[in-house]
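Numbering (UniProt numbering), first residue to last: 1 to 572.
Below is one structure, written out as structure tokens; the observations come after it.
If you want it as structure tokens, here you go:
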């Protein structure tokens, strides 16, 4: 159209209305666009965040394995008891302990696996009410309670065995299959013994007739043992350390375990626990941990046990670290690096097998005595506290306790060294049944609690830090030997192949002389600004640093004195 033709329509009322209508639509369009844009922002900002998946309590827990008779005597009879543990719970809570694991607990012959009553507390360490009270007080402190449960054998004084041995009587007939009985004389006497010099034989723990083996293939017994598990879960137990797995199912002559059958039993145990928990309104959703020790378990064995119902298997490998044994043929640094590296790699590949670590337990020599150095044991404890997963500590490791002198039988079960008073604060008895190490005046809990630089303070710092830092709960791990006598252990997190958050680096000098330890050639530290580090904690012998001190390691070196270690935090 020409200009003249357009002019004819400019003032036409019809087209004026059209123009006004289009203008209104145009303005409305942009107003609506702005409205929806702002609304989308408000929706994003005000919408509830995705609920973070609550971590399972044991996946990053610091647990404390107590030998009950040696921990704290509450009544002056010279032997530790359950009330004594209750009296010390606040000390453990402040230390950063998240679960206690006292053993013995159940009534047994001689504080062993020969259980006489699976529902009774051992009268030598307390009453049944003391046991329930300990569980409740543990929970009141925000901690969990783990029960050691020997599930494959009993004492030959157990009521089940006494009834089973008299199963020819009508009233005991249902107990006939609770144990393995044989009439044959063609047996292995290491695993079978005659019952009261008759021609009837029963299977038992190797060379120990007082420990008869239970028959998990017998349904009546199995139901009774399931009832034991339910009983303790109802009383508040949060997990079970299952002992004696290798005797759950034996080949017919008793000489070796039948692992396929053992796996079936473990699955049944797990299924029973889950059904019992989910059927209870009070328990529904509660996570019960099942774990076990199994010395010499291969990687495939660990995988199989977890697939069959266990939550974890203790990494026994750390208990093999000992100066000049057949594992540590060269040095503690070499074998520690090799063992930890191998196990970390296993767990990195097999993520369905959560790691569980320990250097000590009631059945092996204490770490400081195995490696002949309390200072080096402290360095390994420092690294232990940074390892991913569940970390079990044997009582006294937090202060560097050593074995009793060699003239005692169970050298690793000396009285807990609480202070420098009579009997190390363990007992008021004039002659305690549990020996006290002569070094208690210089190695004790109270002394280290009062010092600014001590193994106990280092332990407390890292145990507490594990609860609140995502790098220590979810991060990757990397350990490397640097030089002849130093270890560097790193915890870090990544996102899209980039390091994020906090990075923790433990540097440990195991040498008997001071050393400048190179850290800038460590692969995991190359992309980090080393000029802005912060001291997190250190071993007791370190005097040149203080907590939260800023350190510049851009030179790529860290100077440490003999047998000293430090943990440094960097931020990506």
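Quick reminder that beta carbons are idealized off the backbone N, C-alpha and C, glycines included.
The model shown is predicted, which means the values in this text are computed figures rather than measured ones.
Check, Outcome
"Spatially closest choice to residue 104 from 93, 95, 340, 126, by CA coordinates", "126"
"Reduced DSSP secondary structure (H/G/I, E/B, other) of residue 64", "strand"
"Environment of residue 470 [buried if 16+ CB atoms lie within 10 Å]", "exposed"
"Cβ neighbours of residue 334 in the same chain (closer than 8 angstroms, five flanking residues each side left out)", "328, 481"
"Three-state secondary structure (DSSP) of residue 276", "helix"
"Three-state secondary structure assigned by DSSP to residue 27", "helix"
"As assigned by DSSP and simplified to three states, the class of residue 143", "coil"
"Close-in-space but distant-in-sequence residues of the same chain around residue 492 (CB under 7 angstroms, 5 per side omitted)", "471, 475, 476, 499, 503, 524"
"Paired residues, beta bridge with residue 507 - DSSP", "488, 566"
"DSSP three-state assignment for residue 576, whether helix, strand or coil", "The requested residue 576 is not part of the displayed model; the chain covers only 1 to 572."
"Bridge partners - residue 203, DSSP secondary structure assignment", "192"
"Member of 197, 198, 182 whose CA lies at the smallest distance from the CA of residue 191", "182"
"Three or more C-beta pairs below 8 angstroms linking the segment 140-160 and the segment 93-112", "yes"
"Alpha helix (DSSP H) segment containing residue 332, residue limits", "332-349"
"C-alpha gap between residue 249 and residue 144, whole angstroms", "30 angstroms"
"Pick from 462, 448, 446, 407 that is closest to residue 437, judged by C-alpha positions", "407"
"Alpha-carbon spacing of residue 161 relative to residue 232, whole angstroms", "22 angstroms"
"Own chain residues within Cβ distance below 7 angstroms of residue 69, not counting five before or after", "79, 80, 111, 125, 434"
"Straight-line gap, residue 319 to residue 411 (C-alpha atoms, nearest Å)", "16 angstroms"
"Residue 71 versus 395, 483, 422, 153, residue with shortest Cα-Cα distance", "395"
"Segment contact, 8 angstroms Cβ cut-off, at least three pairs: the segment 299-310 with the segment 447-460", "no"
"Beta-ladder partner(s) of residue 611, from DSSP", "There is no way to answer for residue 611, as the model of the chain reaches only from 1 to 572."
"From 537, 317, 241, 313, residue whose alpha carbon lies closest to that of residue 549", "537"
"Where residue 158 falls, given that 16 or more other Cβ within 10 Å makes a residue buried", "buried"
"Proximity to residue 400 [Cα-Cα], best of 444, 40, 569", "444"
"N-terminal and C-terminal residue of the beta strand (DSSP E) that residue 216 is part of", "Premise fails: residue 216 is in no beta strand (DSSP E) and is neither H nor E."
"Candidates 200, 197, 193, of which the one nearest residue 574 by Cα", "The chain is shown from 1 up to 572; residue 574 falls before or after that span and cannot be answered."
"With 16 other Cβ atoms within 10 Å as the buried cut-off, status of residue 540", "buried"
"Residue 559 versus residue 520 - alpha carbon distance", "13 angstroms"
"Same chain, Cβ closer than 6 angstroms to residue 531, neighbours up to 5 away in sequence not counted", "552, 554"
"Residue range of the unbroken beta strand (DSSP E) whose run includes residue 393", "390-394"
"Close beta carbons around residue 364, own chain, < 6 angstroms, minus the five adjacent residues each side", "319"
"Host alpha helix (DSSP H) of residue 473 (start-end)", "470-474"
"Straight-line Cα distance separating residue 56 from residue 287", "7 angstroms"
"C-alpha distance - residue 243 paired with residue 522, whole-angstrom precision", "41 angstroms"
"Buried versus exposed, by CB contacts within 10 Å (16 or more), residue 366", "buried"
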